[in-house]
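Participant:
Here you go:
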């Protein structure tokens with residue numbers, strides 16, 4: 001995964017914790033997290049498809 005996606009995942013966790021425990025959240029942050037999550041899922045699906053094409057060695 002790209003460093004940007006890893007950072008987005010970490011930020012998402014922090015934003016969720018802040019919203020859950022402190023009631024702190026913003027619409028702008030939520031929208032950005034949705035966009036980052038979509039990119040993360042696209043990348044994960046692409047990597048999964050690539051992985052399934054690699055012959056398994058025993």
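Numbering (UniProt numbering), first residue to last: 1 to 58.
Note that beta-carbon positions come from the ideal geometry of N, C-alpha and C, so glycine has one too.
Taking all protein chains shown into account, decide if residue 8 is buried (16 or more other Cβ within 10 angstroms of its Cβ) or exposed.
Facilitator: buried
Participant: Does the pairing of the region 46-53 with the region 12-32 give three or more beta-carbon distances under 8 Å?
Facilitator: Touching, no, given that fewer than three Cβ pairs across the two stretches are closer than 8 Å.
Participant: Starting from residue 3, trace the alpha helix (DSSP H) both ways and give me its first and last residue.
Facilitator: 3-22
Participant: Could you spell out where the alpha helix (DSSP H) holding residue 31 opens and where it closes?
Facilitator: Its alpha helix (DSSP H) spans residues 27-53.
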